[in-house]
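Enquirer:
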Amino acid sequence: MASWLDYTINGLIVGNVYALVAVGLALIFGVSRLINFAQGSIYLVGAYIGWVAVVQLHTPLPITIIFVAVVAALVGLIIERFGLRPLQNSVRIAPLLATIGISFVLDQLVMLTFSPNPRALPSQLPDVRFQLGGGTIGPLDLLIAGVGISSALSLFVFLRYSKLGWAVRAASQDRDAAMQMGVDVNRVNQAVFGIAAALGGVSGLLVGMYYNQIDTAMSLQATLKGVVAEVVGGAGNVPGAVVGSLLLGLVESYGVAVFGTSYRNLFAFLLLVVVLVLRPNGLFASARQAPPEPLTGTFIAPSRPVRIPRWALAVAVAAFAVLPLLPVSFYMLQTLINAWLLGMLALSLTLVAGTIGQVSLGHAALLAIGAYTSALLSLTLAVPVGLAIIAGGLMSAALGTILISPSFRLRGHYVSIATLAIGEIVSLVILNWESVTRGPIGISGIPPLSLFGYDLISPNSVYWFSFAVMVALALLQARLLSSHLGRSFRAIRDDDIAARAYGLSLNRYKSLAFIFGGFAAGVSGGIAAHLYSYINHETFNTQQSILALTVVILGGLGNVVGAVVGAVALVGLPEIFRIAAEYRILIYGIVLLLLVRFRPQGLLGTI
Amino acid sequence: MAEAHAPLLSLRGLTRRFGGLTAVDGIDLDLAKGGLVSIIGPNGAGKTTLFNLVTGLDRPDAGEVRFEGQDITGLSPERLAGGGIARTFQLGRVFGNLSVMDNVLIGAHTRLRAVKPAVPVIGPLLELGLALLRPSSVKAEEERLREEVKTILARFGERLLPRIDQPAYSLSYANRRRVEIARALALKPRLLLLDEPTAGMNPSETTEMQGLVAELKAEGLTILLIEHKLEMVMRLSDRVIVMDEGKKIAEGPGEEVRKDPKVIEAYLGHGLSGTAEQESAA
Amino acid sequence: MSNINRRTLVKGSLAAAIAGTALSRAAFADSAEPILLGVSGPLTGPNAQYGTQWKQGFDLALDEILAGGGINGRKLAYSFEDSQSDPRQSVAIAQKFISDPRIVLELGDFSSPASMAASPIYQRGGLVQFGFTNSHPDFTKGGDFMWSTSVSQADEQPLLAAYAVKKLGLKKLAVLHLNTDWGRTSRDYFNNAAKEYGAEIVVTEGYIAEERDFRSTLVRVRDANPDGLVLISYYSDGALIARQARQVGLKQVICAASSVYSPKFLELGGDAVEDVHVGTRYFPEDPRPEVQKFIAGFKKKYNGLEPDAFNAYAYDAMNMAAAVVKIGGTDRKAIRDAFTKVKDVPSVIFGAATFDVASRRVKGAMNAELVVRKGQFALWDGKPT
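Protein chains in written order, with numbering that gives the first Met the number 0: chain G, 0 to 606; chain S, 0 to 281; chain R, 0 to 384.
1) R:Tyr-162 lies in the beta strand (DSSP E); which residues open and close that run?
2) Bridge partners for R:Met-145 per DSSP, in chain order?
3) State the DSSP-derived secondary structure class of R:Asp-336, mapped to helix, strand or coil.
4) Which residues in the same chain have their Cβ closer than 6 Å to the Cβ of S:Thr-21, if we skip the five residues on either side of it in sequence?
5) Between which two residues does the beta strand (DSSP E) carrying R:Ala-316 extend?
6) So that I know if they touch, is there some Cβ in chain G lying closer than 8 Å to that of S:Glu-244?
7) Okay, do the stretch 175-189 of chain S and the stretch 147-165 of chain S touch, 3+ Cβ pairs below 8 Å being the bar?
8) Based on Cα-Cα distance, which residue from G:Ile-389, G:Glu-537 and G:Pro-458 lies nearest to G:Ile-440?
9) Between which two residues does the alpha helix (DSSP H) carrying S:Asp-60 extend?
10) Three-state secondary structure (DSSP) at S:Gln-165?
11) Would you kindly check if the distance between the Cβ of G:Ala-240 and the Cβ of G:Ala-151 is under 8 Å?
12) Between the stretch 53-72 of chain G and the stretch 259-267 of chain G, are three or more C-beta pairs nearer than 8 Å?
13) Please classify G:Gly-14: does DSSP put it in a helix, a strand, or coil?
14) For a test of the three-state rule: what should DSSP assign to S:Asp-29, helix, strand or coil?
15) Considering only their Cβ atoms, is the gap separating G:Ser-415 from G:Leu-95 smaller than 8 Å?
16) So what does DSSP say about R:Thr-203, is it helix, strand or coil?
17) Got a sec: is the Cβ-Cβ distance from G:Ala-352 to anything in chain S below 8 Å?
18) Is DSSP giving G:Ser-449 helix, strand or coil here?
19) Hey, is G:Leu-269's beta-carbon within less than 8 Å of any beta-carbon in chain R?
20) So the candidates are G:Trp-339, G:Tyr-587, G:Ile-584 and G:Gly-361; which of them puts its Cα closest to the Cα of G:Val-470?
21) Between the Cα of G:Asn-627 and the Cα atoms of R:Glu-155, R:Lys-165, R:Pro-41 and R:Asn-133, which residue gives the shortest distance?
22) So S:Met-242 is in the beta strand (DSSP E); what residue range does that whole segment cover?
23) For a contact meaning CB atoms closer than 7 Å, what does G:Pro-458 contact in chain R?
24) Have a look at G:Phe-539, G:Phe-192 and G:Phe-113 and flag the residue whose alpha-carbon is nearest the alpha-carbon of G:Arg-80.
25) Does the distance from the C-beta atom of G:Ala-71 to that of G:Ala-196 stay below 8 Å?
26) Helix, strand or coil for R:Val-341? Go by DSSP, reduced to three states.
27) In chain S, what lies closer than 8 Å to G:Tyr-371 by C-beta?
28) What residues from chain G crowd round S:Ala-130, counting only those whose CB sits closer than 7 Å?
29) According to DSSP, what are the bridge partners of S:Gln-69?
30) Can you tell which of S:Thr-54, S:Lys-32 and S:Val-99 has its C-alpha closest to the C-alpha of S:Leu-193?
31) Hey, would you say G:Ala-190 sits closer than 8 Å to G:Tyr-17, going by beta carbons?
32) Would a check of beta-carbon distances place G:Phe-329 closer than 8 Å to chain R?
33) Between G:Gly-399, G:Ile-8, G:Ile-12 and G:Ser-40, which lies nearest to G:Gly-23 when the distance is taken from Cα to Cα?
34) Any residues in the stretch 177-197 of chain R with a beta carbon nearer than 8 Å to a beta carbon of chain G? Which ones, in chain order?
35) Touching or not, the stretch 542-560 of chain G and the stretch 122-135 of chain R, by the rule of three or more beta carbon pairs under 8 Å?
36) Please check the pair R:Tyr-314 and R:Ala-60, which I expect to be a contact at CB under 8 Å, by giving their CB distance rounded to whole angstroms.
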């Protein structure tokens, strides 16, 4: 039983590490109701600034910490001033996307400056170890715990008892009222971002020293775990974030103890989903709250969609249909095939995120379900490929809807977090369910696309096939949107309370949206599986989900034509930017930021 | 009087607490078919919370709600809408990105035949199928409802009809309130709850709205009204209920209630009376 | 075999000479242009570090090839397309390379999903996909245009198992592996070989690439009471595990696969990787001339930087590509056929490398048994640690 003590200690130690990021996230959420996806990037910046200080400037630890805190706070202030403040009166989703864009830009800048190779960040504390249970802890463990707990406590005291803290809380309760009462909300935001960023930077430094290793991949992981811990503790609740982090650490550690290492993150994300479903406001929120205020018109940018005449659409479809007959390279056709596949995913996401307002960050899971279903059916049961793809679509519709249904009762950013977690869970189940999915080895030798017994292997035929499927799905979706269901979906998005008062069942219509959208995504995944001939758990990853969301925003939420235009643009642009090699993701991040800032309703407008 | 029959809506001991605050405290209320009862009281008296409890958006901690003799306490708002209870919201919750036409069509949602089958799984899938295939019966129903919406909008004269295809976010505040009422009427309600229908309207608009409510009452619609403008309350109500701090402090015909010292105390005691505030806002 | 070779070669140059006289301008342009290889690999995204390491290895090999007179007088060059190791991008790159007549051979991609998604396109397009880090057992099954110099795990892991079990005398092993296609395949080969040599596998734990905290995993390891830890890891996670193992008080012998062989492993692991045993394909003091040339050349070109395993894979791959192109010329089919003909190409990893025509892989990877002593990789002296 001594082992259980060790698992407990280890869980607390790693929870300690998560707490540093979670506290910063909680602080920002507390004031701006924003999940700051750039927090992990500030953490990354802090780690590399720390490396410069320790390895190149040879500063002693206290100076290193102050140096990192100051630089990170500056980065935070810049993000607040130029990245987020201009979006104050914008739509709710805009700041969330902006933080995603900012994190792309910061991560890429670090990568370009320091190269992607991992670096050692030696600890500046004496290497003494204290025996604790079966293992040992060192001075860094204590320092991290000290920083985590003391920052949470001092923030708590600051929020409760200082004047600025009072202003911060006032602004978080009701921004407009606070402004009327003379609170300088901008100053409050600046203070909060500065503090949170300083904290984030110092956590990157300390965690880097803790593992003696920093690399550019640490950013996303830190954000993911920090967000889980923060939401478990109750978004915006600073002491709750510390408790949530420790709980997350414990759950992971016990998960490893009982089921093994490869289940670790599965437990982290299951914890998140369970907490969101049972206690959507976190473990420490008061039991029942008054029904929330209306959110009319603030979810998506009010806009008049660009009306494209039918004949113009028909001409465009015809032009793309005859493209392979013209002297174009296979490379261009392949790029467009990718665009059509992404277009199907975007159609799916624009329906659930745009039309009914469930901003899913785990949409790649629907691709994976479709792909695995279709691949396995055609390989093991010799189901004809065409039927297998349809079965993949149906499976994605059914299973995807069931898996995502726990998030139906959530609102706003919580939906995004829940779907992100559900996406991760699907990917981890694929990794671990070896008897069906073949685990990390993946599925190879998937038969090529075929229709009625004819193999579609030439780029032309694959192009026509994927284009035809996408156009068919787009037409079907347009038809859906023009029916009473389209109206009902959009009503739920605009005001779910009023919609319920008029007899619209949220579960029913969210399910229908995911069933329809899940089918399109599943078909896209199925086609991809037969096109690639090999898939594994990494083929459909979180980056795909984020890319799809970018496509949807670019095209205009809920906009069918916009989804396709966005897909062509976002598959095409990185190909055009190939010339920029290492810089292309940076450019992509900047384009995303500019788009959110200057055209939040997307190219073709929201519908 | 109609009160002799079983009332259409009756509340008994309805109570709702938020933490330490009792927002609605043991409210009893009876509303006869075809009647109009107004609820007045200072801001924060619990009127809107009471509406939320009746329409299922919030659940009471104690007490019961009966509609046509049946216990509907704690039923979901979807089901209550299906049962013929429609409401408007204090803050004007229209669907901002939907056109005026679509906003009002949502009001008719519970009457759509495609929506009817309540069988789990198969019901929704049938609805999806009908929406995509759109057989002629579905098309005809949609056409009929569109005509009906135009008739409802015609009640507001030229306020809404010329803007029928405009998104609701582009409407004036007063027009949004009208869209809300039109949406409620499209449900063909048996009970209509109006939450401050004249908030933010100028005197002539208020008079217009008052005329409309009187017309609805004359057509036999049962109405529960929250209103600050006492002039309108006195004219329309069969009975007036006064709430303060969650409790019913007076009930009776308008003129009687107006003279009740407890009511005057409640309004004056709270300094800024809701009435004065609203009148000055208008 | 060599006769035919020479004959075709003579024929080829004859034909070239005749064509040269007829179309001298075209031929001149042809020989001035470098022979171009396509590289599909990650320069951005989570695997960006490996693309950078490839470039270092490629560039060194190209310098040497140019200094040695190029390919029959022509320069060899590559065009590196960033795929982020994403299958969606690697398939587009595949079409791009196929439709670019200057590309005679393709190298990469890095990860299995990215490489194997592009395989059908290369196979149908008739361009060799030379996946030099693709150890996935099914990679070369994609078709006769798929070739690989990635050390087959079926070859490598029994060598590691022999080191751990026979040489170090470990009988109860805990195996920690990256839970990827590479890690899983390696683990299976390792476990089978180790059992065959009489060891018992008391616990196996797979972890995902992003994992940083291994303390709880190591408690499981401790409770299984092994006498040795085997790491089927890359250098960054390998260093993390070694550090944390020492921190939680595990004192067992650690034995790691060749993929940790990198100066970064020593830098990131610090004191904790002291006495870690590593089975590798080459080591700095290896007297073989190709190894000495590689290490000296690498340090010279990159300011004293020590090369690592991925640098070596890339360096070998470029040299192999050069040898193949020397035989096959610039015709894509001839290049494929040249893979069956090329013999005993000097390489860091395999010594004299020759392809096995049936599996389209190279057999007989070199083996060196190293141990970390005083912060350096050194040849194991046979002393127990």
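Where is the CB? At the ideal position from N, CA and C, for every residue including glycine. Keep in mind the model is a prediction, meaning the values are calculated, not measured.
Expert: Let's see:
1) Premise fails: R:Tyr-162 is in no beta strand (DSSP E) and is neither H nor E.
2) R:Gln-128
3) helix
4) Gly-245
5) Where R:Ala-316 is concerned, there is no enclosing beta strand (DSSP E), although the alpha helix (DSSP H) it sits in stretches over 308-327.
6) no
7) yes
8) G:Glu-537
9) Where S:Asp-60 is concerned, there is no enclosing alpha helix (DSSP H), given that its DSSP letter is neither H nor E.
10) coil
11) yes
12) no
13) helix
14) strand
15) yes
16) strand
17) no
18) strand
19) no
20) G:Trp-339
21) The structure shown does not extend to residue 627 of chain G, since chain G spans only 0 to 606, so no value can be given for it.
22) 238-243
23) Gln-94
24) G:Phe-192
25) yes
26) coil
27) Those do not exist, as G:Tyr-371 stays about 24 Å from chain S at its closest Cβ, beyond 8 Å.
28) Leu-479, Ser-482, His-483 and Leu-484
29) S:Phe-66
30) S:Thr-54
31) no
32) yes
33) G:Ser-40
34) Asn-178, Thr-179, Asp-180, Gly-182, Arg-183 and Thr-184
35) no
36) 5 Å
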